[in-house]
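Enquirer: In my numbering, the protein residues as written are 4 to 308.
Could you have a look at this structure, given as structure tokens, before my questions?
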Ligand SMILES: NC(=O)c1ccc[n+]([C@@H]2O[C@H](COP(=O)([O-])OP(=O)(O)OC[C@H]3O[C@@H](n4cnc5c(N)ncnc54)[C@H](OP(=O)(O)O)[C@@H]3O)[C@@H](O)[C@H]2O)c1
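Next comes the structure, spelled out in structure tokens:
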């Protein structure tokens, strides 16, 4: 018999099974937990367990329904997540689909001893893929890793120039991650303004989300679950790539010092917006334990995309 959370998710994601996955990019589900005041973590990014047991089980069902699950390096370093399905009934009659963990990590800051790599080494998880900047990427960096900054210089335009020793540092980090079992995938970076929280208008350098999705689709990923954190949520919402957003809303208030994601998209039609502008509208809402789970789907001009 289907679990209620599993049945709910199969229903909200049924359009996926009804139509073939595009060749160009995977189906993208953005899913995270937030407080009533739209915070996903505490002050200074302190991890908060917002979801109750029932909605956590829903999230783990959701993971089984995706080929891969993606987080940013901020989350990987802060929370050391496992991204597995350990809250589901055990043992299952048939093995659950374990999504492949993917970390967006421009400069390969991931620790080779993180739980994702340990689980892979112990046969308890799939091989993590770490997506970093292409080695010939010439885009200037706004910040460096601890190793990189020591060798950086600033030009008159405010851009950083890097010495070959940085490449060596990155190569060494790449090697130790590969030795720990990670697959490293390189993609180009893009410059963005104001999307990544740089309110002063400065540009930041980030891995290009459309490029990542093209690469992942080429590697056979048909469905991708994006779990955060704050910057990753913002970056995915800033591109026309997310099909469904599933938010667990916990009945708590975190306060102004909590970490928010400041959505760059809206649900209601914005004044003066073009009819083709993508927005997200409510598709379903269900209560799991103490939490409300709200499903939003992308629409353009009133039509589902
Ligand atoms: N409530 C929830 O459901 C939930 C879920 C997940 C995480 N969280 C919380 O979120 C917090 C972490 O959020 P965060 O914003 O600090 O980190 P994050 O979003 O996990 O990762 C951000 C980092 O990813 C890298 N990155 C590479 N390409 C990127 C792109 N295109 N767009 C954005 N980032 C890109 C950047 O670092 P580099 O430049 O070094 O690559 C960036 O600093 C933690 O407190 C965690 O507990 C909450």
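Just so it is clear, CB atoms sit at the ideal spot from N, CA and C, and this is done for glycine as well.
Exposed or buried, what is residue 113 when buried is set at 16 or more other beta-carbons lying within 10 Å of its beta-carbon?
Expert: In this structure residue 113 is buried. Its beta-carbon is surrounded by 16 or more other beta-carbon atoms within 10 angstroms.
Enquirer: So the candidates are 116, 133 and 132; which of them puts its Cα closest to the Cα of residue 125?
Expert: For residue 125, the nearest C-alpha among the options comes from 116.
Enquirer: Check whether the segment 63 to 78 touches the segment 278 to 294, taking contact to mean three or more Cβ pairs, one atom from each stretch, closer than 8 angstroms.
Expert: no
Enquirer: For residue 264, which residues from the same chain have a beta carbon less than 7 angstroms from its beta carbon, with the 5 sequence-adjacent residues on both sides left out?
Expert: 43, 233, 236 and 237
Enquirer: For residue 127, collect the residues of the same chain with a Cβ closer than 6 angstroms to its Cβ; drop the 5 residues on either side in sequence, then sort them by chain order.
Expert: Listed in chain order, the non-local C-beta contacts of residue 127 below 6 angstroms within the same chain number zero, local neighbours out to five positions each way being set aside.
Enquirer: Does the Cβ of residue 100 lie closer than 7 angstroms to at least one heavy atom of ligand 1?
Expert: no
Enquirer: Tell me whether residue 235, by its Cβ, gets closer than 7 angstroms to a heavy atom of ligand 1.
Expert: yes
Enquirer: Is residue 107 near ligand 1, in the sense that its beta carbon is under 7 angstroms from a heavy atom of that ligand?
Expert: For residue 107, the Cβ falls inside the 7 angstroms cut-off from some heavy atom of ligand 1.
Enquirer: What are the residues that DSSP puts in a beta bridge with residue 303?
Expert: 281 and 306
Enquirer: Quick one: what's got a C-beta closer than 7 angstroms to residue 137's C-beta in the same chain, skipping five residues either side?
Expert: 189, 190 and 191
Enquirer: Where are the beta strand (DSSP E) runs, 3 residues long or more, that stay fully inside the segment 19 to 64, in chain order?
Expert: Along the segment 19 to 64, the beta strand (DSSP E) occurs as fully enclosed runs of 3 or more residues at 30 to 37 and 42 to 44, listed in sequence order.
Enquirer: With a threshold of 16 other CB atoms inside 10 Å of the CB of residue 97, please say whether the residue is buried or exposed.
Expert: exposed
Enquirer: How about residue 130 and residue 184: do their beta carbons lie closer than 8 angstroms?
Expert: With contacts defined as CB atoms closer than 8 angstroms, residue 130 and residue 184 qualify as a contacting pair.
Enquirer: Could you give the residue range of the beta strand (DSSP E) that holds residue 136?
Expert: 132 to 136
Enquirer: Using three-state DSSP, classify residue 15 as helix, strand or coil.
Expert: helix
Enquirer: Tell me whether residue 265 sits in a helix, a strand or coil according to DSSP, three-state version.
Expert: coil
Enquirer: Going by the CB atoms, is the gap between residue 257 and residue 48 shorter than 8 angstroms?
Expert: no
Enquirer: Which residues mark the beginning and the end of the beta strand (DSSP E) in which residue 189 is found?
Expert: 186 to 190
Enquirer: Spell out a yes or no on whether the segment 28 to 43 and the segment 210 to 224 are touching, meaning 3 or more CB-CB pairs, one atom from each, closer than 8 angstroms.
Expert: Yes: at least three Cβ pairs fall under 8 angstroms.
Enquirer: Under 7 angstroms Cβ to Cβ from residue 243, same chain only, skipping five residues before and after it: list those, please.
Expert: 281
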